[in-house]
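Numbering (the working numbering), first residue to last: 191 to 383.
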Ligand SMILES: Cc1ncc(C[n+]2csc(CCOP(=O)(O)OP(=O)(O)O)c2C)c(N)n1
Ligand SMILES: [Mg+2]
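In structure tokens:
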């Protein structure tokens, strides 16, 4: 499955959930397919989508929060897997597009070919950690995580074939932040924190 195909499977399944994106092609693909106010694009620093997503999930237990991550991003911030597992927000779904390379910077090989990230997540303490590699497996795995208690982890194995013609996110960081905060809106009555 191509990386783009994995996004094409997932994006139509989104409703109004906040989705925090890792940098590079993860942002670019999602932005091209469907820009959403509830998308937070981390267009700068690598490795931080998971900790931003964790923060949003802890602050907003009334919402299911989704992270779109990359293998290089996860490997860079592996400690965040432990932090997510230890804080254990039930409303967090962590999805990793694993193409086994740092594709956004020229397809240098990452370590995810020999380090099974779903096993790292499972042994860190994520209650559910799934791995899929076929297009038709993406939707059922995503729905299982969305319908159950998290934190849930989904590793999607994809071929390293993002299209370099895919445009970049055109919003400024300030616009991204303001839109995202507006989309999150008010906390519902009775929510914690
Ligand atoms: C702190 C930091 N280091 C390096 C970079 C450069 N950089 C941007 S995207 C990227 C690769 C990300 O790899 P991965 O998460 O596997 O996503 P892919 O590009 O393969 O979709 C790198 C090295 C950066 N933006 N920030
Ligand atoms: Mg990658």
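Note that beta-carbon positions come from the ideal geometry of N, C-alpha and C, so glycine has one too. Being a predicted model, the structure only gives us computed values, none of them experimental.
Say yes only if the C-beta of residue i is nearer than 7 Å to one or more non-hydrogen atoms of ligand 2, and no if none qualify.
i, result
"residue 292", "yes"
"residue 261", "yes"
"residue 281", "no"
"residue 267", "no"
"residue 213", "no"
Can you tell me whether residue i is helix, strand or coil according to DSSP?
i, result
"residue 247", "helix"
"residue 343", "strand"
"residue 316", "coil"
"residue 303", "helix"
"residue 210", "strand"
"residue 260", "strand"
"residue 290", "coil"
"residue 204", "coil"
"residue 229", "strand"
"residue 298", "strand"
"residue 238", "coil"
"residue 351", "coil"
"residue 328", "helix"
"residue 310", "helix"
"residue 321", "strand"
"residue 192", "strand"
Given a threshold of 16 other Cβ atoms within 10 Å of its Cβ, counted over all protein chains shown, does residue i qualify as buried or as exposed?
i, result
"residue 295", "exposed"
"residue 347", "buried"
"residue 276", "exposed"
"residue 330", "exposed"
"residue 293", "buried"
"residue 364", "exposed"
"residue 383", "Because the pLDDT of residue 383 is 47, which lies under 50, any placement of that residue in the model is unreliable, and the number read from its coordinates should be weighed accordingly. Answer is exposed; the Cβ neighbour count stays below 16."
"residue 326", "exposed"
What I want to know is whether the C-beta of residue i ends up closer than 7 Å to one or more non-hydrogen atoms of ligand 1.
i, result
"residue 216", "yes"
"residue 220", "no"
"residue 235", "yes"
If you check the beta carbons only, do residue i and residue j fall under 8 Å apart?
i, j, result
"residue 247", "residue 202", "no"
"residue 335", "residue 318", "yes"
"residue 243", "residue 255", "yes"
"residue 370", "residue 230", "yes"
Would you check whether ligand 4 has a heavy atom nearer than 7 Å to the C-beta of residue i?
i, result
"residue 240", "Inclusion of ligand 4 in the displayed structure is not the case, the ligand content consisting of ligand 1 and ligand 2 alone."
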